[in-house]
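For the protein sequence lines, the chains are E and F, in the order given. Position 114 of the first sequence, counted from 1, bears residue number 114 in the working numbering, the numbering being contiguous throughout. Position in the second sequence (from 1) plus 1000 gives the number in the working numbering. Cβ coordinates follow ideal geometry from the N, Cα and C atoms, glycine included. Bear in mind that the values here come from a model prediction, so they are computed numbers and not experimental data. Report on the following structure.
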Amino acid sequence: MIEVTQEKHLATIVEAAIAKHGTHADAYIPILLEINNNFGYIPAEAIRLARAKLHQPEDHSLVSEGRLYGLASFYHMLSTQKNGRHTVQFCESAPCHVQGGRELWKALQQELQLKSGETDPDGRFTLKTVSCLGICGVGPVILVDNDFYGNVTPEDLADIFAKYE
Amino acid sequence: MPFYRSHVLVSVDPECLKRGAHEVIDALNDELIAQDLIHEVQVLETSRIGDPYRLGPDLLVYPEGVHYANISVDDIPYLVEEQFLKGRVVEKFRAQEKVVSDEELGAPKAKEVRVVLRNCGKIDPHNIEDYIAEDGYSALAKVISEMAPEQVIDEIGKSGLRGRGGAGFPTAKKWKLCRDVQDSPKYLTCNADEGDPGAFMNRRVLESDPHSVLEGMVIAAYATGASLGYIYCRAEYPIAVQNLNIAIAQAREFGFLGKNIFGTDFSFDLEVRKGAGAFVCGEETALIASIEGKRGEPRPRPPFPAVKGVWGKPTNNNNVETYAVVPQIIIKGADWYSSMGTAKSKGTKTFAIAGDVVNTGLIEVPFGITLREIIFEVGGGIKDGKQFKAIQTGGPMGGCLTEQHLDLPLDYEALTAAGSMMGSGGLIIMDNETCMVDMARFFMEFTQDESCGKCTPCRVGTKRLLEIHQKICAGQGEPGDLELLDTLCTEIMRDSLCGLGQGAPNPVVSMLKHFRSEYEAHIFEKRCPAKVCRALIRFKIQPPVCTGCTVCARNCPVEAISGERRQVHKIDPDKCIRCGICAQVCNFNAIDVLS
C-alpha cells in the first residue's frame, strides 16, 4: 500500500498530466509518459487514478484500467515495474553490435552484476536494452538516464558509473 | 553607379550593436576618408554573420570573403591600412572558426549530391529566418499563389518522387488517392518513427532542418486537402522533438501554418506526437493507432489510410525525407529532380553508413550509384584494412548482399531483385570477422523483441527462428535445421499481417542464400569460420611463442591453464569456457583462436 503523502503526490502528478494533455484518447500516451518520467515507472495506483479522471461516460469517452495498462505494458519507454534511481540503457542495434557492442554488453552486465531488466538490491541502477538511438556513428552507445555516451569500451564503464550515486 | 573594388559588410545584429557596431562603421568611414579610399571601398550594414556573442562586432570583406571578428574602433586604422591600402589580410583580426567536429555529416564527399541534407549543419534550426534565407517557404508561396492542388500533384508526379520510407510508392499517386476520397476532415501524418537500427537520416533532418519537413507537409496538405497534420516522432529523438516544436511555433508566428496561410483561405496546422518506444509504430496502421492513443498494433489493409486513417478519416502518410524534398522539387522543377537517378528511381536518397567502414555517418547520393562506390569511395573502405564481407541494406527487414552485388546500380527495383530492399536507408557494412549466423541470430533477437504479438506467424514464428539460431550458435545445430529455417521463413513471410512480420525472415533468407556454407560449418563441422561463436572456437597456446610467464594461468577464471614457470603452458579444452581473457592478457600473442 502506498503511503498517504505519496498518494497525494501521485494524485497531483496525474491531475497535472491530464490538465496538460487533456482527456481525449490521443492524450493517453503523453499522460502515461509524463507519469513515467516523474516516478521512473507507472504505479498501478496511477493507472487507477488516471482512469477515474479519463473515463467520462457522459461524453462517450470510455476507458478501462485495462486499456491504460495495455498501453503501459506495450511501449518500451513505459514501465510497470519500479526501477532503480538510474536507468542504464544499452543500445542493442546492429551497428553498435558490430562495433564492439557484443563485448561491451558482456562487460556491462558483469560491471553492474545485472541482467537485462534487473535492478540492483540497493536500487541504484536498472539495466535495460534500448532500440537504436540513431547515433550509430559513435557506437557502441549507452544511455545513463538522459546522458549519452558514445564509443564506449569496457574500460570506460567504471568511470561512467562513478558519476551516478 | 559608382564602382567599388571592396565591400565591407558589418553585422548590425542587436548584440553587435550593443557591442559598438555603429561606432565601428563610423570609424571605418572616417578612416577610409582619411586614407582616401572612400570611393573604392563601400561600407554596408548586414544582419548576423557569425555568433555575435562570441564574435561581435564582426564584419566581412568582399571579394576576399574574409571574416574579421571582435573589431573595436581602435583596430580600424590598422585594418584599413593593411586590408585596403596594402591588400593584405590581417590574420590577427580574423574570426577563429569554431571547429565543429561533425561525426555524422562532414563536407560533401565526391559523388554526393545534397538535396535533403543541403541545409544540415549550415543553418540554425532554431531560427526560421535562416531557413527563409535559403529559399525557405518560397515553394509554399509559389504553390499557394500560382498552382492549383492538381498541378502540385502533377508536378510531384512528373518528378518521379517515390516514398522514402522504404516501400517506394509513388508520392503523387498517394496524394491523389487521398485527395479523391469524398470525406472530411482529412489528415496528414509524417512518419518520423525512424526505428531501423543504424538509420538516422531522418533524425538529422528533423534536428538540423525541421522547416523543410514542415514546408513539405503544408504543400502536401494543400494538394490533398488536409486540415491537420501529425508528426509522429520517436521519443528516442528528444532533440528532434524539441526542434520540431520550436519550428512549428515560429512557422505559426510567420503565418506559414495555422489559419489563413499567406492570407488565403487555406488553413492547416501541425502537432508533434511523441512515440513511446515501439519499433512497429513505423508501420503506418500501427502509427495511426498510436496517434489515436492505442497500442501500436497494425491492422489489415485495405482499407488503406488514404480512405480510413487517423480517427477513421482519409489520411496521407509520408516519411520525413519525402516531405523534406517536396519544396525543392517545387522550386527547382520536376525536370531537375528527375534528371537524377535511374529509370524508375528518381532523385537522391540519404543513407546512414554504419559498421566496419572508415567513414561512418550520413550521405546523400543520386540513385544509380553502386554499393561499391558507396562503401569504397564515399565510405572510405573497410576499417583496419580488413576485407569486405557483406552489407545489410533495408534495416532489420532487409537483406544482406555480398561482393557479387557491389556493382548493382542502386535503386528500389535492383535491391528487391537482389533479395534485399531499399528500406529507409540504413547500410550496415560487415567485415570478414563477422559471423553471419551470429548476425542472423542478432536480427532475429531484434524482430522477436519488436514483434507486437498481434498475429501468430510473426509472434511465434520469429521466436522459433531465434531459438534455432541460438541453438546453432551454441554448437547444438542438427541436420534438418536449415530445411526447417527455410520452411519457417516462407510461412512467416506469407502469413504475417504487416510489413514487420512479412519482412522479418528476410535477413535469414538472404544469409541462408549467400552464406549457407557458414551455417553448414556451424551445424555439421561444429566450427565458426569467423571465430565469433564462443561455443565453436578453441583457444590454443603456440609452444614456440609461449615464454611460460604464467600471466594467462593467473588470469584464467576457471583455472583451465596449467604449466610450470618458464615452461610452455597448456589449455584444458574441457575446463575452458572460451572467455578469451588469456588471449587478451598474453603479452606475446602466443594464444591463437581456432575455429
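Asked: Beta-bridge partners of residue 1430 of chain F, as assigned by DSSP; Found: F:1390
Asked: Contact list for residue 1145 of chain F against chain E, beta-carbon separation under 7 Å; Found: Neighbours of residue 1145 of chain F on chain E: none; closest Cβ ~34 Å, over 7 Å.
Asked: Contacts around residue 1095 of chain F, its chain only, beta-carbon distance under 7 Å, and the 5 residues preceding and following it disregarded; Found: 1050, 1055, 1058, 1067, 1068, 1069
Asked: is_contact[residue 28 of chain E, chain F] using C-beta, thresh 7 Å; Found: yes
Asked: Local conformation of residue 96 of chain E per DSSP, three classes; Found: helix
Asked: Straight-line Cα distance separating residue 1088 of chain F from residue 1023 of chain F; Found: 24 Å
Asked: Euclidean distance between Cα positions of residue 17 of chain E and residue 1280 of chain F; Found: 26 Å
Asked: Element boundaries [alpha helix (DSSP H), containing residue 1216 of chain F]; Found: 1210 to 1224
Asked: Inter-residue CB distance, residue 36 of chain E and residue 78 of chain E (contact presumed, cutoff 8 Å); Found: 5 Å
Asked: Test: residue 1278 of chain F CB closer than 7 Å to a CB of chain E; Found: yes
Asked: Beta-bridge pairing of residue 1094 of chain F - partner residues as DSSP gives them; Found: F:1068
Asked: Through-space distance from residue 1413 of chain F to residue 94 of chain E, alpha-carbon basis; Found: 25 Å
Asked: Chain F contacts made by the stretch 84 to 102 of chain E, where a contact means CB separation under 9 Å; Found: 91, 92, 93, 94, 95, 96, 97, 98, 99, 102
Asked: Residues in the stretch 51 to 72 of chain E having any Cβ partner in chain F nearer than 7 Å; Found: 70, 71
Asked: Residue range of the unbroken beta strand (DSSP E) whose run includes residue 147 of chain E; Found: 147 to 149
Asked: Separation of residue 1107 of chain F from residue 1061 of chain F, as counted between CA atoms; Found: 24 Å
Asked: Proximal chain A residues relative to residue 76 of chain E, where beta-carbon distance stays under 8 Å; Found: Going by chain labels, chain A is absent from the structure shown, which instead holds the protein chains E and F.
Asked: Residue range of the alpha helix (DSSP H) that includes residue 1173 of chain F; Found: 1171 to 1180
Asked: Distance, residue 143 of chain E Cα to residue 88 of chain E Cα; Found: 6 Å
Asked: Residue-chain proximity (residue 1185 of chain F, chain E), Cβ-Cβ < 7 Å; Found: no
Asked: Beta-carbon contacts of residue 75 of chain E that lie in its chain and below 6 Å, excluding the five residues immediately before and after; Found: none
Asked: Beta carbon proximity, residue 137 of chain E to chain F, threshold 7 Å; Found: yes
Asked: Chain F contact for residue 134 of chain E (CB, 7 Å cutoff); Found: yes
Asked: Nearest-angstrom beta carbon gap, residue 1248 of chain F and residue 1214 of chain F [assumed within contact, 8 Å]; Found: 7 Å
Asked: Partners in chain F for residue 33 of chain E, counting only beta-carbon separations shorter than 9 Å; Found: 1235, 1274, 1276
Asked: Other residues of its chain near residue 1506 of chain F: CB distance less than 7 Å, five sequence neighbours each side excluded; Found: 1397, 1398, 1399
Asked: Partner residues on chain E for residue 1203 of chain F, Cβ-Cβ distance less than 8 Å; Found: 134
Asked: Straight-line gap, residue 1139 of chain F to residue 1334 of chain F (C-alpha atoms, nearest Å); Found: 13 Å
Asked: Whole-angstrom distance between residue 1045 of chain F and residue 1029 of chain F, CA atom to CA atom; Found: 12 Å
Asked: Whole-angstrom C-beta distance between residue 1582 of chain F and residue 1546 of chain F, which should lie under 8 Å; Found: In fact, because the Cβ distance is near 11 Å, the residues do not count as touching under 8 Å.
Asked: Chain F residues whose Cβ lies nearer than 8 Å to that of residue 25 of chain E; Found: 1292, 1293, 1294
Asked: Closest by C-alpha distance to residue 1203 of chain F, when choosing among F:1174, F:1241, F:1184; Found: F:1241
Asked: Per-residue DSSP class, three states only, for residue 1591 of chain F; Found: strand
Asked: Exposed unless 16 or more other CB atoms sit within 10 angstroms - verdict on residue 1083 of chain F; Found: buried
Asked: Cβ-Cβ separation, residue 1206 of chain F to residue 1233 of chain F (assumed contact under 8 Å), whole Å; Found: 7 Å
Asked: Straight-line gap, residue 1185 of chain F to residue 1228 of chain F (C-alpha atoms, nearest Å); Found: 8 Å
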